[in-house]
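Undergrad: Take a look at the following structure, please.
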Amino acid sequence: MGRLRSINAAYKYLKDQDPGTSITPYFLRRMVYDGVIPCIMAGRKHLIDIDDLEAHLKARLTLVLEPESPATTGIRPISERKYNLI
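So, in structure tokens, the structure goes:
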């Protein structure tokens with residue numbers, strides 16, 4: 134059995150692990166309600182497995198690559214419709 138926590142307790146756990154985190158309780162709640170993070174209902178409480186939450190957050194990390202250069206080079210033509218040149 135995993136380490137089950139409520140949404141607010143899971144947020145406090147993440148905040149203790151990383152005080153500078155930008156994750157909010159609302160973000161966790163939305164992920165639970167949208168079914169992104171699996172949870173167990175205990176009455177009206179949603180219980181989250183902390184290990185699953187950490188694994189999910191680590192899997193969502195992506196590398197930031199350099200943006201691609203624009204496909205157009207040089208001066209673009211003026212739109213005829215924009216200036217009523219038709």
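Each residue of the sequence shown is one higher than the last, beginning at 134 in the numbering used here. All C-beta atoms in this analysis are idealised placements derived from N, C-alpha and C, irrespective of residue type, glycine included. Remember, predicted model here, so these are calculated numbers, not experimental data.
Compare the C-alpha of residue 166 against each of 194, 156, 180 and name the closest.
TA: 180
Undergrad: Skipping 5 residues on each side, what residues in its chain have a beta carbon closer than 7 Å to that of residue 158?
TA: 140, 141, 144
Undergrad: Rounded to the nearest angstrom, what separates residue 150 and residue 184 at their Cα positions?
TA: 13 Å
Undergrad: Pick from 137, 169, 174: whose alpha carbon is nearest that of residue 193?
TA: 169
Undergrad: With distances taken Cα to Cα, identify the nearest neighbour of residue 190 among 154, 177, 176.
TA: Of the listed residues, the one whose Cα sits closest to residue 190 is 154.
Undergrad: May I have the straight-line CA-CA distance separating residue 174 from residue 147, to the nearest angstrom?
TA: When rounded, the distance between both Cα atoms is 21 Å.
Undergrad: For residue 156 and residue 178, I'd like the C-alpha separation in whole angstroms.
TA: 20 Å
Undergrad: From this set, 163, 172, 164, which residue's C-alpha is nearest residue 137's C-alpha?
TA: 172
Undergrad: What's the gap between the Cα of residue 187 and the Cα of residue 176?
TA: 24 Å
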